[in-house]
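Notes to accompany the following structure.
Protein chains: 2
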Amino acid sequence: MTFGPLRRSPLVGQAAERLRDQIAAGRWPVGAKLPGEVALGKELGIGRSTVREAIRALAGAGLVESRQGAGVFVIATEPVEDLPARLRRASAAEVYEVRNLIEVRAAMLAAERRTDEDLAALDAGLAARAAALGDDAAYIDADIAFHASIVAAAHNEVLTDLFAVFQVTMRPSLLDLLAVMDEKNLRTASPDPGADAHAAMVAAIRAGDAERAGRVTEAELAVSLGILRE
Amino acid sequence: MTFGPLRRSPLVGQAAERLRDQIAAGRWPVGAKLPGEVALGKELGIGRSTVREAIRALAGAGLVESRQGAGVFVIATEPVEDLPARLRRASAAEVYEVRNLIEVRAAMLAAERRTDEDLAALDAGLAARAAALGDDAAYIDADIAFHASIVAAAHNEVLTDLFAVFQVTMRPSLLDLLAVMDEKNLRTASPDPGADAHAAMVAAIRAGDAERAGRVTEAELAVSLGILRE
DNA sequence: TAGCACAACTTGTCTGACAACCTGACGTCT
DNA sequence: AGACGTCAGGTTGTCAGACAAGTTGTGCTA
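If you read the protein sequences in the order shown, they are chains F and B. Quick note: the first sequence, position 126, residue 126 per this note's numbering, numbers continuous. Just remember that this note's numbering sits 230 ahead of the position in the second sequence, which is counted from 1.
The structure is reproduced here in structure tokens:
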């Protein structure tokens, strides 16, 4: 059993997630009224402003609706088909495993279908990834863009979009991953331990060797998954 | 002449809508930083708390992300589309390819993790599949259940749920597939051409041979995909 | 030039206050 | 009894101010 992202998150995020979970758990069915903002603040141990912002976040997601003078009401529970919500609720390791599973097969397809434009994009992605070293947020974004390029080279729009959902949802977890690696001093030896592996992925795709592309991709992703599992 | 109850919407809603429009219009592209909260407040003529709540609403909708000390950044220009809706919009071949991709890797994981209960469920699935021959609808349902059992044996809940979304969405397409096969007289020779292949999948999973499980699963699914591609 | 210290800026959170609004209880009138 | 109006209490909406916590760029130092 894992709780939400272990990320050092703002109180607003924590509060929104707790409320979200309780709505999903059925504490307040659709149409029910939430406790007042002051009551919620006391219950959650946070100020009223923070409660209000958490409620706004849920309202933006379409879960609740606030009516001045009346209260805050649940207008929908989390739809089961909502993949991003499902991913948020799941453990990071499970999400990561599925994400990797998709990318391994995508890399194999990419080796068979890649165009010259795809290869150019992959090269650019490698360079951007190296250039962003030092800035964690930019590094994560460059890494995400690179892996997205791999999947895009498989030329299956459903696959590309599906992968994007995973990437967006996992972005916070990836930042956690970097933080954990820092704590364990795993990055001191080499600032970008995956650089060679990423280059190998591109090389295999360029060579059109699907089997090798799948193998090196699997090996690269297994490293991070291992850290996440610990 | 009076118009309907033209309710004066709260400032938060107005502000969120204006910001959403401007993001959609491209004033701030993805990755760009919004003006500071105080600046936005002055620009919109509202207080900082109200600006913050509007930003929270957009963050809840997945449009922006705020990083303490850095600013508020655009992470998407429009909400992520619902996966079932996305699948319905896509071509059957693309959806089927992604579905198969998932199952191939799931079969490999299943070979490593299957329990005795999983194996019993797979055997039962094979039998149910054979028993449903002759009734197309029942046959499809039994086939779906069998493949779901394969994925379930991988013991990853996210994977199981994700696969289920594909299965549900694809059920109509599968009925079409049977009809196409009838037209081409592909079923006259053998009423259940995939029976041996399905049994081979179970055997490989029972043997714990991940590589073989992946190979036979891929081969089995490739047949249907080929028909669907024409 | 490389590294560090610091100031300026930005978001995060809390408190207090008042306005706008809704709901239900209560009393009055028909 | 039923319809209607009033009102008190609770609830959200909005603002201002203050301080904490985090980021970033600048300029100084070694």
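Note that beta-carbon positions come from the ideal geometry of N, C-alpha and C, so glycine has one too.
Could you tell me whether the Cβ of residue i comes closer than 7 angstroms to any Cβ of chain F?
{"i": "residue 277 of chain B", "result": "no"}
{"i": "residue 389 of chain B", "result": "yes"}
{"i": "residue 248 of chain B", "result": "no"}
{"i": "residue 401 of chain B", "result": "no"}
With a CB to CB cut of under 6 angstroms and the five nearest residues on each side skipped, what residues in its chain are close to residue i?
{"i": "residue 451 of chain B", "result": "330"}
{"i": "residue 263 of chain B", "result": "301 and 303"}
{"i": "residue 226 of chain F", "result": "none"}
Which whole-angstrom value describes the C-beta separation of residue i and residue j, a residue pair presumed to lie in contact below a C-beta threshold of 8 angstroms?
{"i": "residue 254 of chain B", "j": "residue 284 of chain B", "result": "Between residue 284 of chain B and residue 254 of chain B the Cβ distance is about 15 angstroms, and since that is not below 8 angstroms, they are no contact."}
{"i": "residue 304 of chain B", "j": "residue 260 of chain B", "result": "5 angstroms"}
{"i": "residue 59 of chain F", "j": "residue 287 of chain B", "result": "6 angstroms"}
{"i": "residue 316 of chain B", "j": "residue 161 of chain F", "result": "6 angstroms"}
{"i": "residue 447 of chain B", "j": "residue 291 of chain B", "result": "Not confirmed; about 39 angstroms, so no contact."}
Does residue i get closer than 7 angstroms to chain B when you measure Cβ to Cβ?
{"i": "residue 6 of chain F", "result": "Note that residue 6 of chain F has pLDDT 33, beneath the 50 cutoff, so the model's placement of it is unreliable and no number is given."}
{"i": "residue 2 of chain F", "result": "In this prediction, residue 2 of chain F scores a pLDDT of 24, lower than 50, which makes its location untrustworthy; no coordinate-derived value is stated."}
{"i": "residue 113 of chain F", "result": "no"}
{"i": "residue 105 of chain F", "result": "yes"}
{"i": "residue 75 of chain F", "result": "no"}
Using a Cβ-Cβ cutoff of less than 8 angstroms, which residues in the same chain neighbour residue i once the five nearest sequence positions on both sides are dropped?
{"i": "residue 318 of chain B", "result": "399"}
{"i": "residue 121 of chain F", "result": "149, 152 and 153"}
{"i": "residue 403 of chain B", "result": "322, 325, 326 and 458"}
{"i": "residue 103 of chain F", "result": "147, 150, 151, 163, 217 and 221"}
{"i": "residue 175 of chain F", "result": "7, 136, 137 and 140"}
{"i": "residue 28 of chain F", "result": "22, 34 and 74"}
{"i": "residue 98 of chain F", "result": "166"}
Compare the C-alpha of residue i against each of the options and name the closest.
{"i": "residue 151 of chain F", "options": "F/138, F/167 and F/136", "result": "F/167"}
{"i": "residue 90 of chain F", "options": "F/21, F/38 and F/198", "result": "F/21"}
{"i": "residue 376 of chain B", "options": "B/428, B/404 and B/314", "result": "B/428"}
{"i": "residue 200 of chain F", "options": "F/42, F/123, F/95 and F/144", "result": "F/123"}
{"i": "residue 265 of chain B", "options": "B/296, B/313, B/292 and B/346", "result": "B/296"}
{"i": "residue 69 of chain F", "options": "F/164, F/82 and F/37", "result": "F/37"}
{"i": "residue 82 of chain F", "options": "B/445, B/442, B/240 and B/388", "result": "B/388"}
{"i": "residue 343 of chain B", "options": "B/355, B/385 and B/328", "result": "B/385"}
{"i": "residue 454 of chain B", "options": "B/445, B/356 and B/407", "result": "B/407"}
{"i": "residue 357 of chain B", "options": "B/432, B/345, B/279 and B/308", "result": "B/432"}
{"i": "residue 215 of chain F", "options": "F/109, F/171, F/116 and F/117", "result": "F/109"}
{"i": "residue 240 of chain B", "options": "B/346, B/328, B/281 and B/456", "result": "B/281"}
{"i": "residue 256 of chain B", "options": "B/279, B/328 and B/308", "result": "B/308"}
Near residue i, which residues of its chain fall below 7 angstroms by C-beta distance, leaving aside the five closest residues on each side in sequence?
{"i": "residue 248 of chain B", "result": "274"}
{"i": "residue 439 of chain B", "result": "341"}
{"i": "residue 119 of chain F", "result": "206"}
{"i": "residue 306 of chain B", "result": "260, 292 and 293"}
{"i": "residue 314 of chain B", "result": "395 and 399"}
{"i": "residue 143 of chain F", "result": "129"}
{"i": "residue 277 of chain B", "result": "271"}
{"i": "residue 212 of chain F", "result": "204"}
{"i": "residue 117 of chain F", "result": "none"}
Relative to chain B, which residues along the stretch 82-101 of chain F have a C-beta separation below 8 angstroms, given in chain order?
Hits within the stretch, in order: 82, 83, 84, 86, 87, 90, 94, 95, 97, 98 and 101.
Of the residues that make up the stretch 359-386 of chain B, which ones have a beta carbon closer than 7 angstroms to any beta carbon in chain F?
Flagged, chain order: 386.
Proximal residues, the stretch 281-298 of chain B versus chain F, C-beta separation under 9 angstroms
For the stretch 281-298 of chain B, the beta-carbon criterion of a distance under 9 angstroms to any beta-carbon of chain F is satisfied by 282, 283, 284, 285, 286, 287, 288, 289, 290, 291, 292, 293, 295, 296, 297 and 298.
Using a Cβ cut-off of 8 angstroms, which residues of the stretch 431-453 of chain B contact any Cβ in chain F, in chain order?
Residues of the stretch 431-453 of chain B with a Cβ closer than 8 angstroms to any Cβ of chain F: none.
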